[in-house]
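Reviewing the structure listed below.
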Amino acid sequence: MSAEIIDGKAFAGTVRERVSGHVKKMVETHGVQPGLAVVLVGEDPASQVYVRNKGKQTVECGMASFEHKYDADIDEATLIGVVEKLNADPKVHGILVQLPLPKHLNSDLIINTIAPEKDVDGFHVVNVGRLGAGLKAMVPCTPLGSYMLLKDRMGDLSGQNAVIIGRSNIVGKPMGQLLLQANATVTIAHSRTKDLPAICKQADILVAAVGRPEMVKGDWVKPGATVIDVGINRVPAPEKGEGKHKIVGDCDYASCAEVAGAITPVPGGIGPMTIACLLANTVTATARIHGLEEPADLTF
Ligand code: NDP
Numbered sequence: 089m090s091a092e093i094i095d096g097k098a099f100a101g102t103v104r105e106r107v108s109g110h111v112k113k114m115v116e117t118h119g120v121q122p123g124l125a126v127v128l129v130g131e132d133p134a135s136q137v138y139v140r141n142k143g144k145q146t147v148e149c150g151m152a153s154f155e156h157k158y159d160a161d162i163d164e165a166t167l168i169g170v171v172e173k174l175n176a177d178p179k180v181h182g183i184l185v186q187l188p189l190p191k192h193l194n195s196d197l198i199i200n201t202i203a204p205e206k207d208v209d210g211f212h213v214v215n216v217g218r219l220g221a222g223l224k225a226m227v228p229c230t231p232l233g234s235y236m237l238l239k240d241r242m243g244d245l246s247g248q249n250a251v252i253i254g255r256s257n258i259v260g261k262p263m264g265q266l267l268l269q270a271n272a273t274v275t276i277a278h279s280r281t282k283d284l285p286a287i288c289k290q291a292d293i294l295v296a297a298v299g300r301p302e303m304v305k306g307d308w309v310k311p312g313a314t315v316i317d318v319g320i321n322r323v324p325a326p327e328k329g330e331g332k333h334k335i336v337g338d339c340d341y342a343s344c345a346e347v348a349g350a351i352t353p354v355p356g357g358i359g360p361m362t363i364a365c366l367l368a369n370t371v372t373a374t375a376r377i378h379g380l381e382e383p384a385d386l387t388f
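Count along the sequence shown from 1, add 88, and you get the number used in the numbering used here.
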């Protein structure tokens, strides 16, 4: 195994330290405490764990955390009312509606009800458009975290050949925008892409955001490439005992690490960076809302 392991868990700790420092300064100098509101609908166990972790880390960084939990049968008008109230609340600088929402709720409508300046997930169409246009935007947390790790390892990304597998609105497309703005040459591959292994093999930067366990093999990777594995897949792990599971990425770690120059592990890579970037985005949103200087070390 030759690749350097990109320690997302450690870097997320660095981002949280930066966040705590900026929060302290905002509170002490300006009397402003950043606040993050998370809206959770239903009982989805994974979502409940995420929301608990987010709340805990928010408070640990000195910010205010507001959790709003509703039964799965909440109607759309009521939920929109909740978001509108948070939009108007001066203690709230960031609003996150935990996805997925139950099927009877129109996620796009709910997300687009969030005030764009408080949209710390960066999913509102205004932020999507602003990012695409190269304007100041709230940047979705997973691509932002991936980008921060790339910049930390590689510095200037100009002219790098970047291949992203996956074109979702939450990962693939915004990742493409960030890399394009960093002057990389970007290819976004998807399920209709022809000869994916050959395309991946051209990549100096390979980002896998597919949702298919261990799909990317070592012989798809250009020697020395930097591999960012966004995937989080729960698969059976009979070696751990009957009925046990483990989390793996979209890359076959063992074979990719033989060839890559650096690679993010799963778990411990992009996952921790995603929550850290949510906290970072809340600080950025607070600075913008109050007209304070934006922390340059927390944004794109
Ligand atoms: P989506 O399901 O929304 O998108 C998957 C993308 O992969 C689609 O664009 C799809 O193409 C493409 N794809 C599917 N199969 C293939 C294939 N065989 N070859 C090439 N492309 C393919 O997933 P997300 O973007 O939401 O998430 C991707 C992964 O990242 C998941 O494992 C998810 O759990 C993880 N994730 C991790 C986060 C973190 O914090 N680390 C946060 C968010 C997601 P098409 O568009 O043609 O269907």
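Idealized CB from N, CA, C, for every residue including glycine.
(request) Please say whether L367 and Q145 have beta carbons closer to each other than 8 angstroms? (result) Here residue 145 is taken as the residue at index 57 of the sequence shown, counted from 1. Here residue 367 is taken as the residue at index 279 of the sequence shown, counted from 1. Less than 8 angstroms separates the beta-carbon of Q145 from that of L367.
(request) Assign D395 to buried or exposed, taking buried as 16 or more other Cβ atoms, counted over all protein chains shown, within 10 Å of its Cβ. (result) Because residue 395 is not part of the residues shown, which for the chain are 89 to 388, the question remains open.
(message) Let me make sure I understand the geometry here. Which of L223, Y158 and A125 has the alpha-carbon closest to that of G143?
(response) Within the sequence shown, residue 143 is the residue found at index 55, counting from 1. The shortest Cα separation from G143 among L223, Y158 and A125 belongs to A125.
(message) Following a CB-centred definition, is L284 positioned closer than 7 angstroms to any heavy atom of the ligand NDP?
(response) By one-based count along the sequence shown, residue 284 stands at place 196. Because some heavy atom of the ligand NDP lies under 7 angstroms away, the Cβ of L284 counts as near it: yes.
(request) Assign P311 to buried or exposed, taking buried as 16 or more other Cβ atoms, counted over all protein chains shown, within 10 Å of its Cβ. (result) If you number the sequence shown from 1, residue 311 lands on position 223. Label assigned to P311: exposed.
(message) Can you determine whether any heavy atom of the ligand NDP sits closer than 7 angstroms to the C-beta of S135, and answer yes or no?
(response) On the sequence shown, position 47 is the one that residue 135 refers to. S135 Cβ: outside cutoff for every heavy atom of the ligand NDP.
(request) Compare the beta carbon distance of T230 and V129 with 8 angstroms and say whether it is the shorter of the two. (result) Here residue 230 refers to the residue found at position 142 of the sequence shown. Here residue 129 refers to the residue found at position 41 of the sequence shown. No; because the gap between Cβ atoms is not below 8 angstroms, this pair is not in contact.
(request) Mind reading off the beta-carbon distance from I351 to I93? Whole number of angstroms is fine, and I expect it under 8 angstroms. (result) Here residue 351 corresponds to residue number 263 of the sequence shown, with the count starting at 1. Here residue 93 corresponds to residue number 5 of the sequence shown, with the count starting at 1. About 7 angstroms separates the two Cβ atoms, so the contact holds.
(request) Classify L223 as buried or exposed, calling it buried when 16 or more other Cβ atoms lie within 10 Å of its own Cβ. (result) Within the sequence shown, numbered from 1, the residue matching residue 223 stands at position 135. Result: exposed.
(request) Could you check which residue in C339, K239 and D340 has the C-alpha nearest to that of L266? (result) Walking along the sequence shown from the start, residue 266 turns up at place 178. Checking every option, the nearest Cα to that of L266 belongs to K239.
(request) Tell me, please, whether the segment 317 to 336 touches the segment 275 to 293 by the rule of three or more beta-carbon pairs shorter than 8 angstroms. (result) no
(request) Closer than 8 angstroms by C-beta to N141: which residues in its own chain qualify, once you throw out the five before and the five after it? Chain order, please. (result) Numbered from 1 along the sequence shown, position 53 holds the residue referred to as residue 141. Cβ within range, chain order: I363.
(message) Could you check if D209 belongs to the surroundings of the ligand NDP, using beta carbon to heavy atom distance under 7 angstroms?
(response) Here residue 209 is taken as the residue at index 121 of the sequence shown, counted from 1. No, since every heavy atom of the ligand NDP falls outside the 7 angstroms radius drawn around the Cβ of D209.
(message) Measuring only the C-alpha atoms, how far is A296 from F388?
(response) Here residue 296 corresponds to residue number 208 of the sequence shown, with the count starting at 1. Here residue 388 corresponds to residue number 300 of the sequence shown, with the count starting at 1. If you take the alpha carbons of A296 and F388, they lie about 20 angstroms apart.
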